[in-house]
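**Student:** If you scroll down you'll find the structure; I have some questions about it.
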Amino acid sequence: MHKEFHHTHSAHCESGVMSSMLRYYGLNLSEPMVFGLASALTFAYLPFVKMGGMPLIAYRSFPKSIIKNIRKNLNVKMKLETFSNKEKGEKRLNELLQEGKIVGAQTSVYWLPYFPEEMRFHFNAHNLLVIAKDDKDYTISDPVFEETVKCDFAALTKARFVKGVMAPKGLLYYPIDVPKSVDLKPVIVKAIKKVAKLMLKTPVPIAGIKGIRSLAKAIEKLETKEKRYAKLFLGHIVRMQEEIGTGGAGFRYIYASFLKESSEIFDNNKILSEASEMFLEVGDEYREFALMIAKALKSKKEINFKAIAQKLNSVADEETLAYKKLLEFVKEYK
Amino acid sequence: MDINAVPQDDSTTYANNKKAIYARDEDGNIRAVSSSGWEAEETVTKQALHDLQEHASEAYNDVKRGLKSPLYFHMYNIRMDLQVLAESTGFFKWSIKKDFCPEKFAKISQKRLAIYADAMGIKEEDLQILPKKDTDA
Chain A
615 MHKEFHHTHS
625 AHCESGVMSS
635 MLRYYGLNLS
645 EPMVFGLASA
655 LTFAYLPFVK
665 MGGMPLIAYR
675 SFPKSIIKNI
685 RKNLNVKMKL
695 ETFSNKEKGE
705 KRLNELLQEG
715 KIVGAQTSVY
725 WLPYFPEEMR
735 FHFNAHNLLV
745 IAKDDKDYTI
755 SDPVFEETVK
765 CDFAALTKAR
775 FVKGVMAPKG
785 LLYYPIDVPK
795 SVDLKPVIVK
805 AIKKVAKLML
815 KTPVPIAGIK
825 GIRSLAKAIE
835 KLETKEKRYA
845 KLFLGHIVRM
855 QEEIGTGGAG
865 FRYIYASFLK
875 ESSEIFDNNK
885 ILSEASEMFL
895 EVGDEYREFA
905 LMIAKALKSK
915 KEINFKAIAQ
925 KLNSVADEET
935 LAYKKLLEFV
945 KEYK
Chain B
113 MDINAVPQDD
123 STTYANNKKA
133 IYARDEDGNI
143 RAVSSSGWEA
153 EETVTKQALH
163 DLQEHASEAY
173 NDVKRGLKSP
183 LYFHMYNIRM
193 DLQVLAESTG
203 FFKWSIKKDF
213 CPEKFAKISQ
223 KRLAIYADAM
233 GIKEEDLQIL
243 PKKDTDA
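Note that the protein sequences, when read in sequence, are chains A and B. All residue numbers for the first sequence refer to our numbering, where the first residue is 615 and numbers rise by one. All residue numbers for the second sequence refer to our numbering, where the first residue is 113 and numbers rise by one.
Structure, rendered in structure tokens:
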């Protein structure tokens with residue numbers, strides 16, 4: 615690390631890393647701006663992909679897509695390196711740090727010792743920034759922590775080289791050439807258009823608004839399922855939504871912040887600031903949905919699956935209106 | 113959500129950490145603020161942790177009664193399941209299931225044991241025994 619690095623507490627790991635990294639290399643973009651420009655907002659319900667026996671529910675785009683979309687949309691030259699074995703991977707990271715670079719890395723949460731026991735699950739797509747090393751520890755700027763943390767060499771290497779779903783393969787990434795400034799307007803329009811179209815027009819019922827409605831249907835069907843499974847499934851939805859990288863509501867709030875910032879860039883564009891408010895509302899609705907589930911799980915009464923499904927469908931209705939609003943903006947700037 | 117509505121529920125599952133969440137401040141700007149926890153999230157995290165603990169303690173008893181090999185307990189104890197263990201080691205599920213059999217596991221090859229040990233972050237000799245529980249005395 616050559617210059618001083620400022621750690622920022624972020625809501626989401628990948629957008630947090632990219633925002634901090636770009637800022638360090640001279641391009642000042644907030645976390646929400648990075649998230650928005652990368653079109654990271656989404657919804658996917660993949661009942662046939664199982665994690666811990668539960669279907670995959672994602673409220674944002676696939677891991678690495680923020681890195682890749684920022685590279686493409688902002689013309690940032692980035693290098694992504696993966697490794698065939700641990701030794702090479704550790705050596706390369708040390709070399710890059712020696713050169714004074716700060717380096718993004720993909721890791722498994724479970725093997726990072728600075729994570730408290732309560733948060734350690736086998737999730738392989740956690741992003742962090744390695745900013746320095748001494749003779750036994752790396753200094754890490756982990757965006758979801760308030761302060762920088764230390765992690766010994768062996769532990770980070772283990773976390774970088776777990777195998778399985780979304781295996782990081784030691785992934786390291788860092789920019790080689792960062793533009794000093796970017797004309798954000800055209801990128802914003804394009805990125806918003808992409809999100810709105812994906813959410814409204816995906817023809818298959820696993821992604822976008824249709825995906826949300828499929829999940830609602832699956833919730834309704836829980837009535838006929840075994841009780842223990844039904845409860846775990848409901849809990850799983852909320853964990854995917856709230857706990858894993860801030861999830862559904864959190865991402866809607868980040869997106870609302872992105873839209874607010876964008877509205878200012880477009881001379882206080884009214885449609886964007888209205889859309890921003892709408893996404894704040896949608897985020898609140900997701901949290902109400904989560905609360906409803908949490909209460910049902912705690913209560914001794916029979917769970918009203920229909921009511922929970924209905925709530926999710928009404929979130930989908932509201933979210934649909936928000937994307938339609940975004941398309942109005944896109945039309946204006948065609 | 114407004115900044116003053118951001119829950120500060122001091123959830124034990126945050127273990128004294130805070131999470132950043134974006135909310136609207138008095139001036140109408142949306143910025144990141146720290147949250148010390150949220151009850152709804154705590155409920156489901158605890159549910160998941162409880163489920164993992166239950167698996168581990170059921171496995172512990174099975175191993176103790178000689179129904180399963182120590183590997184079976186260690187897998188659940190590090191919050192894995194058959195799927196994750198198979199992915200982490202590159203072994204087929206059916207072949208791992210064989211290693212859950214105590215007699216079979218007792219005769220495991222050094223090479224195979226080493227792969228388990230590496231993937232699970234547990235020493236080879238520890239992997240072959242059931243650790244003592246505080247309640248065992």
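The beta-carbon is built from N, C-alpha and C at its ideal position, and this holds for glycine as well.
(1) At the 8 Å Cβ level, is B:Met113 part of the contact set with chain A, yes or no?
(2) What does a CB cutoff of less than 6 Å around A:Glu933 pick up in its chain, not counting 5 residues either side in sequence?
(3) Verify whether the separation of the beta carbon atoms of A:Tyr787 and A:Met692 is less than 8 Å.
(4) May I ask which residues mark the beginning and end of the alpha helix (DSSP H) holding B:Gln165?
(5) Where does A:Pro661 sit, in a helix, a strand or coil, going by DSSP?
(6) Rounded to the nearest angstrom, what separates A:Ser698 and A:Phe729 at their Cα positions?
(7) Under 8 Å, CB to CB, which of the residues in the region 185-204 of chain B have a partner in chain A?
(8) For A:Met635, which of helix, strand or coil comes out of DSSP?
(9) Indicate whether the contact test is met: 3 or more Cβ pairs, each with one atom in the region 863-879 of chain A and one in the region 141-149 of chain B, closer than 8 Å.
(10) Determine, using beta carbons only, whether B:Ile234 comes closer than 8 Å to chain A.
(11) Rounded C-beta distance between A:Ala773 and A:Trp725? I'm assuming under 8 Å.
(12) Could I get the ranges of all uninterrupted beta strand (DSSP E) runs contained in the region 713-771 of chain A, with 3 residues as the minimum, in chain order?
(13) Start and end of the alpha helix (DSSP H) containing A:Ile907?
(14) Would the C-beta of B:His162 count as close to the ligand ADP, meaning under 7 Å from any of its heavy atoms?
(15) Since A:Ile868 meets chain B, which of its residues come closer than 7 Å, beta carbon to beta carbon?
(16) Taking only beta-carbon atoms, is A:Lys912 less than 8 Å away from chain B?
(17) Nearest-angstrom Cα distance between B:His167 and B:Tyr188?
(18) In its own chain, which residues sit with a C-beta less than 8 Å from the C-beta of A:Leu743, not counting the 5 before and 5 after it?
(19) Measuring only the C-alpha atoms, how far is A:Ser795 from B:Asn129?
(20) Helix, strand or coil for A:Leu926, going by three-state DSSP, please let me know.
(21) With 16 other CB atoms within 10 Å as the buried threshold, where does A:Gln712 fall?
(22) Are the region 150-161 of chain B and the region 223-240 of chain B touching, with three or more C-beta to C-beta distances below 8 Å?
(23) Beta carbon of B:Leu225, beta carbon of B:His186: below 8 Å?
(24) Mapping DSSP to helix, strand and coil, what is A:Tyr937?
(25) For B:Asp114, list the residues DSSP reports as bridge partners.
(26) Could you say which of A:Thr656, A:Tyr638, A:Phe943 lies nearest to A:Leu812 if we only look at CA atoms?
(27) Just curious, the alpha helix (DSSP H) that A:Pro800 is in, first and last residue?
(28) Looking at the unbroken alpha helix (DSSP H) that takes in B:Met232, where does it start and where does it end?
**Tutor:** With the structure as the only source:
(1) Along the second sequence, one-based indexing puts residue 113 of chain B at 1. So yes, B:Met113 belongs to the interface.
(2) Within the first sequence, the letter at position 319 stands for residue 933 of chain A. For A:Glu933, where only same-chain residues beyond five positions count, the Cβ hits under 6 Å are Val896.
(3) Taking the first residue of the first sequence as 1, we reach residue 787 of chain A at position 173. Taking the first residue of the first sequence as 1, we reach residue 692 of chain A at position 78. Yes, the pair counts as a contact, with Cβ atoms nearer than the cut-off.
(4) For the purposes of this step, residue 165 of chain B is identified with residue 53 of the second sequence, where counting begins at 1. First-last of the alpha helix (DSSP H) with B:Gln165: 151-176.
(5) Start at 1 with the first residue of the first sequence, and residue 661 of chain A comes out as number 47. The answer is strand: DSSP assigns A:Pro661 an E or B state.
(6) Taking the first residue of the first sequence as 1, we reach residue 698 of chain A at position 84. Taking the first residue of the first sequence as 1, we reach residue 729 of chain A at position 115. Our two residues, A:Ser698 and A:Phe729, have alpha carbons roughly 26 Å apart in a direct line.
(7) Ile190, Arg191, Met192, Asp193, Gln195, Val196, Glu199, Ser200, Thr201, Gly202
(8) Here residue 635 of chain A refers to the residue found at position 21 of the first sequence. Here A:Met635 sits in helix by DSSP.
(9) Contact between the region 863-879 of chain A and the region 141-149 of chain B is present: three or more C-beta pairs spanning the two stretches fall below 8 Å.
(10) By one-based count along the second sequence, residue 234 of chain B stands at place 122. No, because no Cβ of chain A sits closer than 8 Å to the Cβ of B:Ile234.
(11) Locating residue 773 of chain A in the first sequence gives position 159, counting from the first residue. Locating residue 725 of chain A in the first sequence gives position 111, counting from the first residue. Confirmed, about 4 Å.
(12) 717-721, 740-747, 751-755, 763-766
(13) The count along the first sequence starts at 1 and reaches residue 907 of chain A at position 293. 884-912 is the extent of the alpha helix (DSSP H) around A:Ile907.
(14) With respect to the ligand ADP, the structure shown offers nothing to examine, as it has no ligands at all.
(15) In the first sequence, residue 868 of chain A corresponds to position 254, counting from 1. Near A:Ile868 (Cβ distances below 7 Å), the residues of chain B are Tyr134.
(16) Along the first sequence, read from residue 1 onward, the residue named residue 912 of chain A stands at position 298. Yes, because at least one Cβ of chain B sits closer than 8 Å to the Cβ of A:Lys912.
(17) Along the second sequence, one-based indexing puts residue 167 of chain B at 55. Along the second sequence, one-based indexing puts residue 188 of chain B at 76. C-alpha separation (whole angstroms): 6 Å.
(18) Sequence index remark: in the first sequence, residue 743 of chain A carries index 129 (1-based). Closer than 8 Å at the Cβ level, and outside the excluded window around A:Leu743, lie Val631, Ser634, Met635, Ile716, Val717, Gly718, Ala719, Ile754, Ser755, Asp756, Pro757.
(19) In the first sequence, counting from the first residue as 1, residue 795 of chain A sits at position 181. In the second sequence, counting from the first residue as 1, residue 129 of chain B sits at position 17. Straight-line Cα distance between these residues: approximately 35 Å.
(20) Stepping through the first sequence from its first residue, residue 926 of chain A is reached at position 312. Here A:Leu926 sits in helix by DSSP.
(21) What you label residue 712 of chain A is simply residue 98 of the first sequence in a count that begins at 1. A:Gln712 comes out exposed.
(22) no
(23) Residue 225 of chain B sits at position 113 when you count from the first residue of the second sequence. Residue 186 of chain B sits at position 74 when you count from the first residue of the second sequence. Not in contact: B:Leu225 and B:His186 (Cβ atoms no closer than 8 Å).
(24) As a first step, residue 937 of chain A must be located in the first sequence, where it is residue number 323. Residue state, collapsed to three classes: helix.
(25) Position 2 of the second sequence, counted from the first residue, corresponds to residue 114 of chain B. Per DSSP, B:Arg136.
(26) Translated into positions along the first sequence, residue 812 of chain A becomes position 198. It is A:Thr656 whose Cα lies nearest to the Cα of A:Leu812.
(27) On the first sequence, position 186 is the one that residue 800 of chain A refers to. Run containing A:Pro800: 798-815, per the alpha helix (DSSP H) assignment.
(28) Walking along the second sequence from the start, residue 232 of chain B turns up at place 120. Note, B:Met232: alpha helix (DSSP H), 222-232.
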